[in-house]
Amino acid sequence: MTVRQHFRGRKNRCYSLAVKAVRRAFVYATKARRLKQRNMRTLWITRIAAASREHGMKYPQLMHNLTKTSVQLNRRVISDLAITEPRSFLSLAKLARTRQQEGFRAALGDGKEPAGVFSRVVLLQ
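Residue numbers (this note's numbering): 13 to 137.
Listed below in structure tokens is the structure:
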């Protein structure tokens, strides 16, 4: 109950009021943590979308093709790369575009892998 010492009025002196206030404060803290995580995720997605539009790709295309090429980077890391290391992000965008073109060729019936791109199809064979 040391948390109750920071409250004002009867909430820091009366036990029952202090218990209610502390529980309510913990509920609000939990909700705020979830809200912060949600806001950060939307910020990362916005940054990645803006950077991918600079390279002529849309966000869903970029993320889909990066997962198809087995890139194990999460949105936070990709967002940081887009801001601090644009050349690294450019190489990721090129990799995703190559994978996208590979998918188009595979759908048309060519099926050959471009140089430097390893898809799951090649790894399973």
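Each residue gets a CB set at the ideal place from its N, CA and C atoms; glycine is no exception.
Closest Cα partner of residue i within the set the options
i	options	result
Arg111	Thr54, Ser103, Thr81	Thr81
Arg87	Ile57, Gln113, Leu74	Ile57
Leu78	Ile95, Gln113, Thr54, Ala41	Gln113
Arg109	Arg65, Ile95, Tyr27	Arg65
Ile95	Tyr40, Gln84, Ala62	Ala62
Residue i versus residue j - alpha carbon distance
i	j	result
Val134	Ser103	Here the model assigns Val134 a pLDDT of 48, short of 50, so the residue's position is not dependable and the matter cannot be decided.
Lys70	Arg46	27 Å
Asn51	Phe38	20 Å
Val89	Thr14	38 Å
Arg25	Gln73	58 Å
Gly55	Thr42	Before going on, a small fix: residue 55 reads as Leu here, not Gly. Answer to the nearest angstrom: the Cα atoms are 20 Å apart.
Gly115	Tyr40	47 Å
Gln49	Leu29	31 Å
Leu85	Pro98	15 Å
Val31	Leu107	56 Å
Residue i, DSSP secondary structure in three states
i	result
Gln84	coil
Gly68	coil
Phe19	coil
Arg25	coil
Leu74	helix
Whether residue i touches residue j by CB criterion (8 Å)
i	j	result
Val34	Arg22	no
Ala105	His76	no
Ser91	Arg59	yes
Same chain, Cβ closer than 6 Å to residue i, neighbours up to 5 away in sequence not counted
i	result
Phe19	Ala33
Arg36	none
Leu93	Ser100, Phe101
Residue i Cβ short of 7 Å to the ligand SAM heavy atom set
i	result
Ala108	No copy of the ligand SAM appears in this structure; indeed no ligand is present at all.
Cβ-based neighbour list, residue i, same chain, cut-off 7 Å, excluding 5 preceding and 5 following
i	result
Tyr27	none
Arg53	Arg87
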